[in-house]
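Protein chains in written order, with our numbering: chain A, 13 to 313; chain B, 3 to 385.
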């Protein structure tokens, strides 16, 4: 038993984190709320160059030939920076299906985020090329997630087993993003309550505030290992457990972060909402609480 | 990352499983051991401890010279999983083997190790923890019981309270104020006290569940030789903190215990017709038990790679204590009107519930643990 990441894996995450801290700041995410694509101009090409997008593709196909254990930390990092790109849809779900790391994939059971800028789109109806699809836009509470109702002649290209495995990779990927979002919201809030003074002292010195944030830290501590375990086993039930705990951690942290910030967190001028709204959306995508609870129950109960 | 156990570890698991299956006392019916928190049950549990010791299963992680197997942390976790999976009895020796022993291994003299550890492992010496006092609970540094220097040793006076199984144990380990001019966590000394020494009076106190599991220990000019000081005089706080790390974290509550409880909960859920309204909570509790297991594996990997555990032990204590309450509360909800019954095999759930309710209180209340997480893990200001 060795339940840890290698130095190489940690170094890759650190490199991606450094990059995103510059290339995907809250200002970039905010811009994605209002620009044409809902994405960060130029960022996707950088992620492709770094090898993040094609990480699971074989080296012969232009990928890195690595595994979900390598990818999971990187996806966590994309959550931490609220990266508004179809990175889970492409890197975790789509690339192994289409076998080509240069293709951008949009995927969701029903409403597909960033479908307009994808090359290939998956829904429960099957697969369709963007060029053959008709897209009806829907706004999301997370302004950077451009959702589309995808219409057209889908075809069942992939085997059910391949699709199921791809779905579980996506579930693990989104669970990892939720951990990153939770971590980011917690860090932001810790920084804020250390500075913000009321009654002559930092509000972070009050036990009521401390306990909210300690609870968030506990939730994250016990979500991450399930996410990393699922990335290793790729077992559907393990993926569901990971998603359940990661969603809980992200939602609990979002609530604690909002409460501990007070009114400033309730504005759109402050950055917290960029992360909070992503967490709200992801908690109900790639299978919501009912779906994953039922999947665990079917095997365990 | 490699999430499998080695063939040797699998073999060790198989050995543990087969011995436990052949030797664990019945978990229901007339052969079931009485509660270890009663005088009669404590004696019965010590017989079980003796059987464990004779088979060298009482302290698997200890060196062989003290009755252990030199087991690795991984093997210890495997043993614990098998122990609770088999429905084996509570460990009435736990405060000695899990709380005091690590401190003796770290701070004890060779003479102390030889004198105490094997007898502790065999259940011949049973140890209770003398920390809490009437005016020192969560605020442990408020200890007032005092130690006065005399020729060849010390004289102890004062009162310890909420001493688990104090009425049945032979020995007590505790902190006493040895420097009357020092305040708070300075000037304390860690003592090992034989409870048969003249001047010791122990009064059992009935706990929430009706068992005499608590005690008050009164010390009136009790002589303790220098040989029973653990660590250096006046350095007791630092010595004791080594034990709190163990209590909050890994050693007191291994994941095997909660995995086994979660499995019994699932059995109860099935036998009760799987009420759909409780399905989500049962799944959530099971997932939490799994999360605890994997967080432990994560931590143990770090420990074996030489990284310290640190303040994260407070996170762990918060999680398992809340989980234990939820597992039992959920069982009572599944039992419905039978939950209150004190006869029959299902009564173990109400018993366990009352025990679980102590979890958020002992070993530093969860409010204190949340402060520690906020201050030492997150870096929030103390004031």
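Just so it is clear, CB atoms sit at the ideal spot from N, CA and C, and this is done for glycine as well.
Here the structure is a predicted model, which is why all the values come from computation and not from measurement.
For residue 304(A), the uninterrupted alpha helix (DSSP H) segment begins and ends at 301-312. Three or more beta-carbon pairs drawn from the segment 180-198 of chain A and the segment 263-272 of chain A are found closer than 8 Å, and the two stretches are therefore classed as touching. One alpha carbon belongs to residue 247(A), the other to residue 57(B), and they sit about 38 Å apart. Excluding the 5 residues flanking it on each side, residue 71(A) has same chain C-beta neighbours closer than 7 Å at 77, in chain order.
With respect to residue 308(A), residue 249(A) sits close: the two C-beta atoms are nearer than 9 Å. Secondary structure in the segment 270-296 of chain A: the alpha helix (DSSP H) runs of 4 residues or longer, each lying completely within the stretch, are 284-295 in chain order. Chain order gives the chain B residues near residue 241(A) as 5, 296, where near means a beta carbon separation below 7 Å.
Neighbourhood of residue 53(A) in chain B, by CB distance below 8 Å: empty, with the nearest CB roughly 35 Å away. At a cut-off of 9 Å between C-beta atoms, residue 223(A) counts as an interface residue with respect to chain B. Buried is the label assigned to residue 135(B), since at least 16 other Cβ atoms lie within 10 Å of its Cβ.
Here the alpha carbons of residue 25(B) and residue 49(B) stand approximately 12 Å from one another. Between the beta-carbon of residue 329(B) and that of residue 372(B) there is about 21 Å, and that puts the pair past the 8 Å contact cut. Under the three-state reduction of DSSP, residue 88(B) is assigned to coil, being neither helix nor strand.
Annotation for residue 17(A): no beta strand (DSSP E) segment contains it, and DSSP assigns it neither H nor E.
A distance below 9 Å separates the beta carbons of residue 68(A) and residue 107(A).
When DSSP assignments are scanned along the segment 171-223 of chain B, the uninterrupted stretches of beta strand (DSSP E) that are 3 or more residues long and fall wholly within it turn out to be 173-179, 190-196, 202-207. Against residue 351(B), chain A offers no close residue; the least beta-carbon distance is about 18 Å (beta-carbon pairs closer than 8 Å). Rounded to whole angstroms, the separation of the alpha carbons of residue 341(B) and residue 324(B) is 20 Å. If one requires a minimum length of 4 residues, the alpha helix (DSSP H) runs lying completely within the segment 6-41 of chain B are 9-25, in chain order. Sixteen is the threshold: when 16 or more other Cβ atoms of the shown chains lie within 10 Å of the Cβ of residue 236(A), as they do, the residue is buried. By the rule that beta-carbons nearer than 9 Å mark a contact, residue 277(B) does not touch chain A.
Across the segment 102-127 of chain B, no CB contact with chain A closer than 8 Å is found for any residue. Membership of residue 123(A) in the beta strand (DSSP E) is indicated by the continuous run 123-125.
At a C-beta separation below 8 Å, residue 364(B) has no neighbours in chain A, since its nearest C-beta there lies roughly 18 Å away. Within the same chain, and ignoring the five residues on either side of residue 221(A) in sequence, the residues whose Cβ sits closer than 6 Å to its Cβ are 205, 215, 272.
Inter-residue distance for residue 32(B) and residue 344(B) is about 15 Å (C-alpha atoms, whole angstroms). Annotation: the continuous alpha helix (DSSP H) that includes residue 90(A) extends over 80-92.
The beta carbon of residue 98(A) is closer than 7 Å to those of 116, 117, 118, 125, 126, 130 in its chain, skipping five residues each way along the sequence. For residue 230(A), the nearest CB of chain B lies under 9 Å from its own CB, placing it at the interface with that chain.
Excluding sequence positions up to five before and after residue 92(B), its CB lies within less than 6 Å of the CB of 38, all in the same chain and listed in chain order.
Taking a cut-off of 8 Å on C-beta distances, the segment 161-180 of chain B touches the segment 206-226 of chain B, as three or more cross pairs fall below it.
Judged by their CB atoms, residue 61(A) and residue 52(A) are not nearer to each other than the 9 Å cut-off.
Under the three-state reduction of DSSP, residue 71(B) is assigned to coil, being neither helix nor strand. Not a single C-beta of chain B is nearer than 9 Å to the C-beta of residue 27(A). Non-local C-beta neighbours of residue 276(A) in its own chain, meaning closer than 6 Å and more than five positions away in sequence, comprise 282, ordered along the chain.
Residue 157(B) is positioned such that its CB atom lies closer than 9 Å to that of residue 224(B).
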